[in-house]
Structure formats: structure tokens, C-alpha cells
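A.B. asks: Have a look at the structure that comes next, please.
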Amino acid sequence: MEQSPQLGPIGQSAGKPAPDVPDGVEHRQIVYRVLFVRPAAARRLAAVAGACRFVWNEMLDQQAQLHDMARMCGAPPPAPTFFTLGKAFTQLRRATPWLQAMPYAPVRYTLKYQADAWRRFFRGEAGPPRFKKRGRDSVTIPQDVRIRDGKLWFPRIGWLRLRRRGGNPYPDAE
């Protein structure tokens, strides 16, 4: 049985309340490791993670070029949003046949993280987004998450076995 590198966490950061959650409500981080029984599923998930990294880097490169052109012209740099990045992603996806074979929602959701990173940069809360390199890949499943009997449903891949790290995320449950 082949184990993957640890994929990104499902849920909020441990111990930090979400920004719009009432006081006293706390989200816990639950980290799962995917256990691959089928090598094809491992390759497919690695391809999706690679597609997420490719989209992040392509959109970041486009935004950096727009940023440089605006600076040379003396204009204020454009502040990319999830909507504007999504429009560029649609064009990129149409021009890249292999990207069309990837599940749409997880790859597009990468742009949500990039739009948030740009927003933090323009507010002065953080530095500019950086290019992503191989290793420590992560994938987010933004909708229709199904976990049943220790398995996770991933679009266009199928059911993947999981192992949860840590104790029971629901202390009152048995």
C-alpha cells in the first residue's frame, strides 16, 4: 500500500476561530492522510495537485506582468479578484487540453487562495504571493465533500481511503 505525501488539511487552522463566526465557536483542524490502494489513483491525485500548482503559477505570472506594465505606465496596479482570475482561468483552461481533463472545482478553487493572497498584499498585511514549487502539494475540495466509512470521494478519481491523524475531532461523539 503506497502512502502519499501529506495533503492539505480539511477545515480551518487549529484553534483559530473563523472571521465571521460568533464568539465561543471554534473550528478544529482535521488532518487526513490518503492511503492509496491503486497506483492509478495516486497518479491521478498527483496530477490534480500539479494542475493546481500550474494554474497558481500561470495566474501569478499573468498578474505579475500586469503589475509590471501598470507600474511602467504610472497607473495603479490592478487588484485581482476571484472573479477576474476566474475569467483568466476559463481562457487558460480552453487553451490547455490536459487541464480540461482535471476536476474543475478543486483546480479553480486555487484561485480563491490566490485572490485572498493578493488582497492581503494590497492591504499591506502580507508580501506578494509567491510561485509554488513541487512538494507539499495540497488540494481543496470546495463542495460536495463526502466522507464515508473512512473513505473520501474525490471528483473524477473516485473513493480514496483515509487515515485521520489525532484523536476524535468530535469530543462528544463516540
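Heads up: take any position in the sequence shown, counting from 1, add 89, and you land on our numbering.
Glycine included, C-beta positions come from ideal geometry on N, C-alpha and C.
This one's a predicted model, so the numbers in the text were calculated from it and none came from an experiment.
Just checking: is the beta-carbon of residue 216 within a distance shorter than 8 angstroms of some beta-carbon in chain B?
C.D. replies: In the structure shown, chain B does not exist; there is a single protein chain.
A.B. asks: Kindly give me the distance between the Cβ atoms of residue 147 and residue 181, rounded to whole angstroms, as I take these residues to be in contact under 8 angstroms.
C.D. replies: Contact flag correct, Cβ pair sits at about 6 angstroms.
A.B. asks: Please classify residue 220: does DSSP put it in a helix, a strand, or coil?
C.D. replies: DSSP places residue 220 in coil when its eight states are reduced to three.
A.B. asks: Give every residue of the same chain whose Cβ lies closer than 6 angstroms to the Cβ of residue 243, excluding the five residues on either side of it in the sequence, and list them in chain order.
C.D. replies: So the list reads 249, once near-sequence residues are dropped.
A.B. asks: Do residue 194 and residue 151 have their CB atoms nearer than 8 angstroms?
C.D. replies: No, Cβ-Cβ distance for residue 194 and residue 151 is not below 8 angstroms.
A.B. asks: Looking only at C-alpha atoms, which of 158, 207 and 126 sits nearest to residue 172?
C.D. replies: Selected option, being the one with the closest Cα: 207.
A.B. asks: May I have the straight-line CA-CA distance separating residue 167 from residue 198, to the nearest angstrom?
C.D. replies: Approximately 21 angstroms, taken between the alpha carbons.
A.B. asks: Rounding to the nearest angstrom, what Cα-Cα distance links residue 254 and residue 122 in this structure?
C.D. replies: In a straight line, the C-alpha of residue 254 is about 7 angstroms away from that of residue 122.
A.B. asks: Pairs of beta-carbons, one from the segment 137-146 and one from the segment 214-223, closer than 8 angstroms: are there three or more?
C.D. replies: They touch, by the three-pair rule.
A.B. asks: Could you please give the first and the last residue of the uninterrupted alpha helix (DSSP H) stretch that includes residue 139?
C.D. replies: First-last of the alpha helix (DSSP H) with residue 139: 128-162.
A.B. asks: If you follow the beta strand (DSSP E) that residue 197 is part of, which residue opens it and which one closes it?
C.D. replies: No beta strand (DSSP E) holds residue 197; the alpha helix (DSSP H) holding it covers 193-211.
A.B. asks: Measuring only the C-alpha atoms, how far is residue 246 from residue 164?
C.D. replies: So the two alpha carbons sit approximately 45 angstroms from each other.
A.B. asks: What do you reckon, are the CB atoms on residue 252 and residue 149 nearer than 8 angstroms?
C.D. replies: It is not a contact, given that the beta carbons lie outside the stated cut-off.
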